[in-house]
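Taking it in order: structure first as structure tokens, then the write-up.
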Amino acid sequence: MSIITRDVHGCLNDSFDLIIVGGGVYGIMLALESGFRGKRALLLEQNDFASATSYNHLRTLHGGLRYLQTLDLPRFFESVRERQWFLIYFPQLVEILPCVMPLYNKGIRRKSVFRLALWINNRLSTNRNISVIPKNKLPDGSILSKELTEKTVPEVNMNGLAGSALWYDGIVMEPERLLMEILRWSCSMEASALNYVRADGLKTKKGHVIGIEAVDRISGNRLEFRAPVVINAAGPWNREVAKKFDKDYPILFPTYLLLWNLLFNKKALSDYSLAVTPQQGTGHMYFFHNWKGRMLVGTGQEPVKDLRKNNFPTNENLKSFIHDLNLSIPSLSLKEDDIAHVYYGLLPADAHNNLTKREVVLNHERNGGPKGLYSISGIKFTTSRSVAEKTLDVIFSETRHRKDRQPMPPREANSKRGTFSFDWMPSSNDDGWKKILHRIINEESVIHLDDLIYRRTSLGENKMRLPLIIPKIRDLFQFDSPLWEEEVKRVYKQSQRNE
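To convert a position in the sequence shown, counted from 1, into my numbering, add 28.
Here it is as structure tokens:
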């Protein structure tokens, strides 16, 4: 069955083909790809699954249009293929995202330039809809007239407007559910996943990896797990893990770039995602998404010098970000009080504080380290599965042919369980939603209340309903009164960080 069971004792008495350290999207995709190849994976996450950067991205599945500007065709084709993968395997959790960029015939943002770019994009991605269900098939991109642009996105600056570019990508409407369904799929293929287990050390014998030393952060018990291969996929912490297991490798995360996206308690501008740049200011491009009828905008960024415990945007960061948005669309008049949620995370940056361009897959043995130890550092949510596939092609080269026989996910993977509209509030005469939550608690390794609120369901998106929901689900947990109070504090503490 596709259930995530936190069976620490069972994993101690078992042997695995590989251990994955890090339960973000890259770790989860490694577990999935391992299953496709008949390899048994153990996934260890020191906190909750997908609780850092993977949870906080802009929800876009990019098709690679941006890579045509630099003629980076390998990345273009990879992005097209991986966007298609999500649309095929999770058609109810992924939707079409129409994107509009106003064009003012300045620089490269000219109708002539984008007409050619969209024509190339259309021709090079003719296979993008193969095996995709009708509702998720992506139309060709095109150029819209000035009049049609104004009708599509009325708030756009009309001064000097020549028209707009229209293209289509994918959007993950329920990222927490998508990640949990992928992890459940992995577990249906004999993977095991343990949250709140911290990997503390590497076990080796004669220079070969034989397992991991770890700590159960719930019980405090010391643990040892066995496997001949260990993959460090710890995201922003992968340099720390690499240093514990072998030595520091700056190439994994040269510097840290803090990125954030804001959900505003404001009506979305349009059914389209709007890509705009301030008329003055940074020149940075922002995307205004329609997120369940609300305005989701990204992405802001700020370099940070070190990996602190709580890297999140400062008040000054948010003020500057909102100022830029108001310069982009003056009619918005956004204020800090309009912020409903702040999504933030860390990604690797180069010496110029720009996102690194490619993932890193490091074989420690080739650098004098233990045989069987690997570290990966990824960048894009969209291409996470592809990076996992390429990594395992290197480690388990004899299993490459098996990826052509990829099964479909379990039937319930597209059921939208645990998903709620932004305005949903609990009803006094309908407890059906509680039954769904009870099942999620039992089947998805929910340890803390905030695991359920923020990372198994979309309940936490709207903090206004938390006081109504939390008392109603008290009976779904076995905590005594003092511990329940601590669990509630955890939820509100995270809510305050995300305001």
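Even for Gly, the Cβ is constructed at its ideal location relative to N, Cα and C.
Being a predicted model, the structure only gives us computed values, none of them experimental.
| Asked | Found |
| --- | --- |
| Does the distance from the C-beta atom of L125 to that of T180 stay below 9 Å? | no |
| Given this structure, state the Cα-to-Cα distance separating L131 from I148, to the nearest angstrom. | 18 Å |
| To the nearest angstrom, report how far apart I259 and I404 are at their CA atoms. | 7 Å |
| Where does the unbroken beta strand (DSSP E) through A145 begin, and where does it stop? | Note, A145: premise wrong, no beta strand (DSSP E); alpha helix (DSSP H) at K139 to L152. |
| Use the C-beta contact count for T384: other C-beta atoms within 10 angstroms, 16 or more gives buried, fewer gives exposed. | buried |
| What's the gap between the Cα of K139 and the Cα of D168? | 16 Å |
| Taking just the CA atoms, how far does Q307 sit from L355? | 6 Å |
| Could you give the first and the last residue of the continuous alpha helix (DSSP H) run that contains R467? | G460 to E471 |
| For the segment 239–291, list the beta strand (DSSP E) runs that are entirely contained and at least 3 residues long, ordered along the chain. | 250–254 and 258–260 |
| Closest by CA to K295, which one among R322, T410 and A368? | R322 |
| Short check: CB of G63 to CB of M217, under 9 Å? | yes |
| Taking the alpha carbon of K233 as the reference point, which residue from L99, G400, H90 and F448 has its own alpha carbon closest? | G400 |
| How would you call M57, buried or exposed, if buried means at least 16 neighbouring beta carbons within 10 angstroms? | buried |
| Kindly indicate which residue of R143, N339, G326 and L335 has the alpha-carbon position closest to the one of S348. | G326 |
| Answer with buried or exposed for G460, where buried requires no fewer than 16 other C-beta atoms within 10 angstroms of its C-beta. | exposed |
| Please check the pair V519 and D478, which I expect to be a contact at CB under 8 Å, by giving their CB distance rounded to whole angstroms. | 5 Å |
| Secondary structure at E175, three-state DSSP: helix, strand or coil? | helix |
| Distance, Cα to Cα, T427 vs P499? | 50 Å |
| Does DSSP put A296 in a helix, in a strand, or in coil? | coil |
| If you scan the segment 381–424 from start to end, which runs of the beta strand (DSSP E) of 3 or more residues do you find wholly inside it? | 388–391 and 401–405 |
| Under three-state DSSP, which class holds V200? | strand |
| Out of curiosity, what's the CA-to-CA distance linking L536 and R386? | Shown here, the chain extends from 29 to 527; a query on residue 536 therefore has no answer. |
| Three or more beta-carbon pairs under 8 Å between the segment 222–229 and the segment 244–259, yes or no? | yes |
| Hey, how far is the Cα of P454 from the Cα of E202? | 19 Å |
| Let me know if H380 comes out buried or exposed under the rule of 16 or more other beta-carbons within 10 Å of its beta-carbon. | exposed |
| Got a sec? Which residues, its chain only, sit under 8 Å from A377 by beta carbon, not counting five neighbours each side? | P282, T283, Y284, L285, P331, L383 and T384 |
| Could you tell me the boundaries of the alpha helix (DSSP H) in which G63 lies? | V53 to F64 |
| Could you tell me if N84 is buried or exposed, where buried requires 16 or more neighbouring beta carbons within 10 angstroms of its beta carbon? | buried |
| Suppose contacts are defined by Cβ-Cβ distances below 9 Å. Is N442 in contact with E209 by that definition? | yes |
| Which residues bound the alpha helix (DSSP H) around G38? | V36 to L40 |
| Measure from the alpha carbon of N157 to the alpha carbon of each residue in L494, K272, I116 and E471, then state which is nearest. | I116 |
| How many Å lie between M313 and V422 at the Cα? | 37 Å |
| Could you pull the start and end residues of the beta strand (DSSP E) that R94 belongs to? | Counting along the chain, R94 falls outside any beta strand (DSSP E), and DSSP gives it neither H nor E. |
| Please tell me whether A193 and L166 are closer than 9 Å, where the distance is taken between their beta carbons. | no |
| Taking the beta strand (DSSP E) that N318 falls in, what are its first and last residues? | Y314 to W319 |
| Measure the C-alpha to C-alpha separation of H466 and L504 and round it to an integer number of angstroms. | 6 Å |
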